[in-house]
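Working notes for the structure below.
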Amino acid sequence: MSNKYWIAAMIFCAFGLSIHSFSQSGLVKIADLGTGPYGDMAIQGGYAYCAAYGAGLDILDISDTGNIRRVSNLNWPGSLYRVKVRGNHAFVGNAGNGLSIVDVSDPLNPLRISCLPELGHISDLDIYDDKVYAIGNDGSSWINAIHIIDVTKPYDPIILGSYMGDEPSLSVSARGNTLFVGKLGGFWILDASSPADIKLLSSVRYTNEQEGTVPALIPTNDALYVSVQGFYISRLEIYDIANLAKPVQESSLELDYGFYRMLLSGNMLVGMNRKVTINVQDEVFQHDGTLRIVDVSDLHNPVILSEESMNGLISCFQLAESKLYISLEEHGLKVMDVSDWGQPAIIGAYNDSHDARCVARNGNITYVGGDDRGIQVLDTSRPESPLVLNQVDFQSPIVDMSITGQHLVVLHGFLNLYGAYHGLRIFDISLPASPVEIGRISGLPVVQDIQCLGDWLYVACYDSGVYIYNLTDPTTPELAAIYTNDTETHRIMDIQLQGSLLVVLNIVYGMDEDTSKLELLDVSDPYHPVLLGGKMFGGAGFELALGTNHAYIADNRNLVTVIDYSQPDQPTFVNTVNTRFYHTRCAVVAENTLFVTDDETIQAFDLLNPDAPVLQYVYRSLSPKAIPSPIREKTASNSYWFP
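Position 457 of the sequence shown, counted from 1, bears residue number 457 in the numbering used here, the numbering being contiguous throughout.
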């Protein structure tokens, strides 16, 4: 594993860690962790049900706001955008996979029981009585339809009728048999008393001076609250809808940015706008997500009671028992006490949305290092539902980790193209859930990788060789040796240990073409490392994985080079394998299988003949969205792969 930015193929979540099981029949994804931000959430009975985009449905226990924890995750193809919960069922809108219904009678073990994929991309949905109202799009155009689905039998949902619009619909709210649909440039009021024959009751369209879209609206018995997001003018509009055929505007409250989402509690309307960045003639204006509480007791004169900047992009929010649960893309979930609407206060947080970079395992305890929240300590005894046990904060990103005995060695710092400027910290993990820092190493040059074995720590420094430390006394690590070869031309990209053999992958500069070199060191006496042999080969090697007497190196040519080192003093080139990837990364060798990744795919090669890996199957990402962050560690253990 090297220190460069390695975009791991199988991060199927918005920001975090994926857990996989592999077998001869193929890879099976069983869980995600680090899935935020949440695109939508619903709250019921002490649990928050969160649509985690491409990472499925997260269920959080929020009964204790000071200790919010994720209790389960259920994933399936497509990105999740909307979720509603009624009774024992969650109704989930997917991108490209229609409406899914999940049995959540046991929040710790949710079960997807039905799906209507023919609805296409679900951009919004609402539920009233035993009907779900969903805006769907088949992906062929911007035009979409409003569908009515009977969910009396959740195992067998039935589409009762649809209403096709002539322009994009953005939001839908149901009240009885009346539908309120926010659109591009206005809104509709529909009579859905006969789902097979939905009728348009009224339509409000904005003039050029008041142009805008309606991303959110809330109906009550006699009023309709409409958020209008315009390019020049944004506002909250309130309509009298005593006559549904002729809504009458009662008031309008101008806003700097319109509400992306809204909710109503009594006479209090809570609205949020998203973080906005505008570039005007190379000058950038940025506006953070803001939460506003508006007193609408007087429909003719709405008044803003409070405004709270969230210092980031707000994805969604929900209200439960005088508490607002707010999902932020950069900072996870925040809990705000709104018992006093004029003075809301943050009282808790849950952050599962960091950039995961590396993992280390110790039995059923997994340590996850990230960019912004230090180390998470997870109980992975149930890999399909990992639990967060603890968190160790750092002031700089975690770049790499390695475990030896009862010690966790952590490389942290800031990355550039060549590695990490950093420090090393050593933690006592004799109590696995409670790491305690006991030692540090500082003053190292740029580091690419760390590996531990027994009482020894091997630190691969990009252009300065391999530093070897004795950790017999981890409180005061001893520098035992420094191995250097031709540091003028060799740059270390990765190291791997196999018993007393240390395998070093270098890129060689100064050649006419990209060239790499594999070096094999005898470290049976770490105080005196001995170079046994080396092998030059074509391509700039990225990653190194070791099988039995074979090294597999992924390079910039989308090839995996196979080198036989059964005779370490005379390693030999035996083969190259074309992976057909745009960016090839060598992941890991486990259970006689070589896993190679690119940005969205894992290829698994059978190593029955280690000289000639044979492609067995391809596991493609369930979420084709852009991978947001690098993760650089890979670990295979107990039939699970932690990329």
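Glycine included, C-beta positions come from ideal geometry on N, C-alpha and C.
Residue i: first and last residue of the uninterrupted beta strand (DSSP E) it sits in
| i | result |
| --- | --- |
| W188 | 186 to 191 |
| Y458 | 456 to 461 |
| L119 | Element bounds for L119: n/a, residue is neither H nor E. |
| G136 | 131 to 137 |
| M310 | Element bounds for M310: n/a, residue is neither H nor E. |
| T290 | 290 to 295 |
| D153 | For the sequence presented, residue 153 should be read as Lys rather than Asp. It is not in any beta strand (DSSP E) - K153 carries neither H nor E in the DSSP assignment. |
| Q44 | 40 to 44 |
| E321 | No beta strand (DSSP E) holds E321; DSSP gives it neither H nor E. |
| I429 | Per DSSP, I429 belongs to no beta strand (DSSP E) and is neither H nor E. |
| T593 | 593 to 597 |
| S442 | Careful: S442 lies outside any beta strand (DSSP E) and carries neither H nor E. |
| A433 | No beta strand (DSSP E) contains A433, which DSSP labels as neither H nor E. |
| G230 | Unbroken run through G230: none, as it is neither H nor E. |
| Q343 | No beta strand (DSSP E) holds Q343; DSSP gives it neither H nor E. |
| G266 | Run containing G266: none; DSSP gives neither H nor E here. |
| R205 | 199 to 205 |
| D61 | 57 to 61 |
| Y49 | 47 to 51 |
| L607 | Premise fails: L607 is in no beta strand (DSSP E) and is neither H nor E. |
| L453 | 447 to 453 |
| D400 | 398 to 404 |
Residue burial classification, residue i (beta-carbon count within 10 angstroms, cutoff 16)
| i | result |
| --- | --- |
| R491 | buried |
| V577 | buried |
| K153 | exposed |
| P117 | exposed |
| M272 | buried |
| M401 | buried |
| T476 | exposed |
| V589 | buried |
| F22 | Confidence is the limiting factor: at F22 the pLDDT is only 39, short of 50, which leaves the residue's position unreliable, though a coordinate-based value still follows. With 16 or more other Cβ atoms within 10 Å, it is buried. |
| H550 | buried |
| V92 | buried |
| L200 | exposed |
| S621 | Low confidence applies here, because S621 scores a pLDDT of 46, under 50, leaving its location unreliable; read the following figure in that light. By the 10 Å Cβ count, S621 comes out buried. |
| Y552 | buried |
| M536 | exposed |
| G46 | exposed |
| D197 | exposed |
| I495 | buried |
| N137 | buried |
| Y367 | buried |
| F180 | buried |
| V172 | buried |
| K246 | exposed |
| V614 | exposed |
| N144 | buried |
For residue i, the residue or residues it bridges with in DSSP
| i | result |
| --- | --- |
| P219 | L224 |
| E167 | BP columns for E167 are empty, so no partner. |
| N67 | DSSP, once it has assigned bridges, lists no residue as partnering N67. |
| Y367 | A360, V377 |
| L334 | Checking the sequence shown, residue 334 turns out to be Lys, not Leu. For K334, which the question treats as bridged, DSSP gives the partners I326, A349. |
| N94 | L80 |
| H89 | R86, D103 |
| G182 | S171, F187 |
| E237 | V226, S252 |
| N390 | V377 |
| S123 | Answer is none; S123 lacks a bridge partner. |
| R112 | V102 |
| Y257 | None; Y257 has no bridge partner. |
| G423 | H412 |
| S162 | H147 |
* Asked: What runs of the beta strand (DSSP E), each 3 residues or longer, lie entirely inside the region 460 to 495?
  -> 465 to 470, 478 to 483
* Could you tell me whether the region 402 to 415 touches the region 432 to 452, where touching means 3 or more Cβ pairs closer than 8 Å? => yes
* Any chance you could list the alpha helix (DSSP H) runs of at least 4 consecutive residues sitting entirely within the region 507 to 583, in chain order? => none
* Inter-stretch contact (C-beta, 8 Å, three-pair minimum) for the region 69 to 89 and the region 104 to 122 -> yes
* Asked: Is it a yes or a no for the region 161 to 170 touching the region 184 to 204, going by three-plus beta-carbon pairs under 8 Å?
  -> Touching, yes.
* Inter-stretch contact at 8 Å, needing at least 3 Cβ pairs: the region 259 to 272 / the region 291 to 305 -> Between the region 259 to 272 and the region 291 to 305, the count of C-beta pairs closer than 8 Å reaches three or more; the two stretches touch.
* For the region 339 to 348 against the region 358 to 375, are there 3 or more C-beta pairs whose distance is under 8 Å? -> no
* Asked: Is the region 40 to 58 in contact with the region 79 to 96, if contact means three or more CB pairs nearer than 8 Å?
  -> yes
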